[in-house]
Structures are given as structure tokens and as C-alpha cells.
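If you read the sequence shown in my numbering, its first letter stands for residue 145, the second for the next number, and so on. We put the CB at the ideal spot given by N, CA and C, even for glycine. Presented below is the structure to which this report refers.
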Amino acid sequence: MTSVDYNEIHSKIAEALPLSTMRLRRSLYAVMDFMLDYTLTPEELADYLRHGDDAQVQPLINFVLAALEAKSDVIEPDTDTAPSSKERLDWVLSQLGIAELKELVVDRFPQAEPIVIVEENFREWYTDDREQKNPNYWNDYVRVLSRNGWDAESIATVGDQARQVLRRLEDPTAEHYRSTRGLVVGYVQSGKTANFSAVTAKAIDAGYRLVIILAGTLKNLREQTQRRLDKEIFGREAILDGRDEDELTPRDIKSEVYFEGDQEWETPWNERGGTFLSHGAGYGQNGFPKLRRLTTSKNDYLSASGANPIVVLHADTDLPLHAAANLDKTPCLVDAGLF
Numbered sequence: 145m146t147s148v149d150y151n152e153i154h155s156k157i158a159e160a161l162p163l164s165t166m167r168l169r170r171s172l173y174a175v176m177d178f179m180l181d182y183t184l185t186p187e188e189l190a191d192y193l194r195h196g197d198d199a200q201v202q203p204l205i206n207f208v209l210a211a212l213e214a215k216s217d218v219i220e221p222d223t224d225t226a227p228s229s230k231e232r233l234d235w236v237l238s239q240l241g242i243a244e245l246k247e248l249v250v251d252r253f254p255q256a257e258p259i260v261i262v263e264e265n266f267r268e269w270y271t272d273d274r275e276q277k278n279p280n281y282w283n284d285y286v287r288v289l290s291r292n293g294w295d296a297e298s299i300a301t302v303g304d305q306a307r308q309v310l311r312r313l314e315d316p317t318a319e320h321y322r323s324t325r326g327l328v329v330g331y332v333q334s335g336k337t338a339n340f341s342a343v344t345a346k347a348i349d350a351g352y353r354l355v356i357i358l359a360g361t362l363k364n365l366r367e368q369t370q371r372r373l374d375k376e377i378f379g380r381e382a383i384l385d386g387r388d389e390d391e392l393t394p395r396d397i398k399s400e401v402y403f404e405g406d407q408e409w410e411t412p413w414n415e416r417g418g419t420f421l422s423h424g425a426g427y428g429q430n431g432f433p434k435l436r437r438l439t440t441s442k443n444d445y446l447s448a449s450g451a452n453p454i455v456v457l458h459a460d461t462d463l464p465l466h467a468a469a470n471l472d473k474t475p476c477l478v479d480a481g482l483f
């Protein structure tokens, strides 16, 4: 290229480094050359990192941050570097073949805006180690936000906002009980849905097994919120709830609006234009609990047929429900109802 086209590089990197898979077996240059028939030189990539705007450099920065924070068992090839460590960052950049551009990459990492916090008197439990133990729902939500066009700085901001809320809640694995109340206030169109979605994702990862979202006072607002949560947090697996999509009964089809010719539902997550998240093979494993929707795209507690009953599964009855060994195997009940 005689002149660097930052928008074209943005498009090619987004295609070469999808957040749905953490594959770092080949350098970025090799992937773009062999898979996309597109030649990118180190000089052009450096210019892109120096002068591209935040939206233009988003695909590369988001991928590096996701790989930096991901659990080792979801990255290919295997690595013994710890998430969020200097060693992990060096490994990621080396695998991508851009180690010499480390300073430029780090300079483009987002700096989250400070958050206004009123309550500073709380017991610290949500440490970095705890947050990184099972970040499955949060990592999936990051992929959703990135696919929806969020830049790395905005994702970091909503992640930090959710982190500050979680820190001020109670540890769900603690033996004692302490009631915690709080209020998060946001302006109209300020990202409140993304905020409580991020809190939901991190809360499930931390061990909470009942999440109730007051989705509005009007039926259409509840359905709108339910759909967004189904697409971005709960995912296809929770909606299907063990049913085979190719063998739905007439009763199954009537149970969800998505099964009645919904165009967004009919586009798989791994295809271009897919909007309903799929959690993948790890869903339902220890630390990545299944979700059980108490409300659906059609039903909530005020509808004629009502919502699904609340049933708490106690995996090991010899241990209290709040024991980590139980919570890791216990499905999380999620509810988006009218109030």
C-alpha cells in the first residue's frame, strides 16, 4: 500500500482475529497473508497503531486484551502464563509476531474513566484472583460487545463499573450472611442495560445463582429487555434448555417467539450477522454453570401461563449450598420480569 488505509486494516484484523476463538498459532501477518490474501507489513501496522483512531484499532486491541485476560485452557496453543500477567502479554504479542510493537500496543490500551463511588466501607472479597477464577460469562459478554462495535476503552469502562459494584456486594461463597443494598444511577441512554448485563455476567462467574432483573412496568419493555439478555448474556444454550433445535415439538415452538421464524435466531452465532450468543463446549462445566430462565420471550410471572418454577439444585447435599464445590455445579436462575 502506498498509503495506509486504517479502515481496511481494521476490517482485515477483525476477520483474522475473531474474539470467538483464542487461536494464536500463527502470526498476525501470516494469517492475513495466507487466509485473507492480504499483505500487511510491520511498518504499516506500526503506522496504524500510531495514527488510527480508537475505533480503527479496536479489533487488534480487543483481541490482545481478551487473550491477556483469558483462562489458559481456552487459548491455542497451550500456555503456562498466568492471565493478566506481564508474561502473558509478552507471550500473546510474540505469538502474534508483533513483540517489537509492544510499546505501541500498550499505549493504545484503554484508560477507564474514574467512577463515582459513594460507599467505601465494605469487606474486600472480589480480588483480581477471584475475578479471574471463572471469567466465562464476562469473557463471552466482551465478545458480544466487541461484535456490537464497542471499542476497547468502552468495554474496559463497563467492566470496571461492574467490578466496583461486585466488590460492594457480599461474597456468595461466604459462610456468614450479610445483607447488602445499593443503587446505581444512570442517565437516559447512558448504557444502563450494558451495565447491569456486565454485573450479571460477573456475578454469575463469582458464584451468584439467582439473578432478578426488574425489566420495566410495561410488557413491551420487559420483552425488549428479555430479548437483549437472551441474545447477549443467556445465549442459545439457555434458550434451548437441552432441546434439540432440529427436533422441536409444536409445544416447544409455541414456547418461544424465537422458534417461530425469528430471522436473528435463525442466523447462528458463528456466522456473519449472528446476534444470539453461543457459549460453546464449556457451557455447563464446573465454573461455567448452566442458566435456567425463569422468564422467557413469552412468559413472565404476570402472564397467563406464568413463569418457570424456582427449583434450586443442590449438587452435593453433604455440603452447604454456598460451598464453592456446590456453586460450581449449580445452575443459575435468571429472571427478567415486570415490576
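- Taking the CA atoms as reference points, residue 405 sits about 15 Å from residue 383.
- Collapsing the DSSP output to three states places residue 416 in coil.
- The distance from the Cβ of residue 356 to that of residue 444 is about 11 Å, inconsistent with a contact at the 8 Å cut-off.
- Residue 165 and residue 402 have their C-alpha atoms roughly 26 Å apart.
- Fully contained in the stretch 305-393 are the following alpha helix (DSSP H) runs of length 4 or more, in chain order: 336-350, 363-373 and 379-384.
- Taking the Cβ atoms as the reference, residue 278 lies roughly 13 Å from residue 428, outside the contact range of under 8 Å.
- Under DSSP, residue 478 takes part in a beta bridge, and its partners are 355 and 437.
- Non-local beta-carbon contacts of residue 434 in its own chain, meaning distances under 6 Å to residues more than five positions away in sequence, involve 428 and 475 in chain order.
- Beta bridge pairing from DSSP links residue 166 with 219.
- The Cβ atoms of residue 249 and residue 309 lie no closer than 9 Å to each other.
- Three or more beta-carbon pairs separated by less than 8 Å link the stretch 174-194 to the stretch 236-256, which places the two stretches in contact.
- Classified as exposed, residue 195 has fewer than 16 neighbouring CB atoms from the shown chains inside 10 Å of its CB.
- Take residue 153, set aside five residues on each side of it, and the residues of its chain with a beta-carbon closer than 8 Å to its own are 184, 188, 189, 192, 196 and 200, in chain order.
- Looking from the CA of residue 288, the closest CA among 455, 148 and 420 belongs to 420.
- In this structure the stretch 454-472 lies against the stretch 312-326, because at least three pairs of beta carbons, one per stretch, are closer than 8 Å.
- By the beta-carbon neighbour count (other beta carbons within 10 angstroms, threshold 16), residue 205 is buried.
- Judged by DSSP in its simplified three-state form, residue 213 adopts helix.
- In this chain, the alpha helix (DSSP H) harbouring residue 186 covers 186-195.
- One alpha carbon belongs to residue 217, the other to residue 236, and they sit about 14 Å apart.
- Taking 8 Å as the upper bound for CB-CB distance, residue 342 and residue 306 are in contact here, some 4 Å apart.
- Fewer than three pairs of CB atoms, one per stretch, sit closer than 8 Å, so the stretch 360-373 makes no contact with the stretch 264-283.
- The alpha-carbon of residue 338 is positioned some 7 Å away from that of residue 302.
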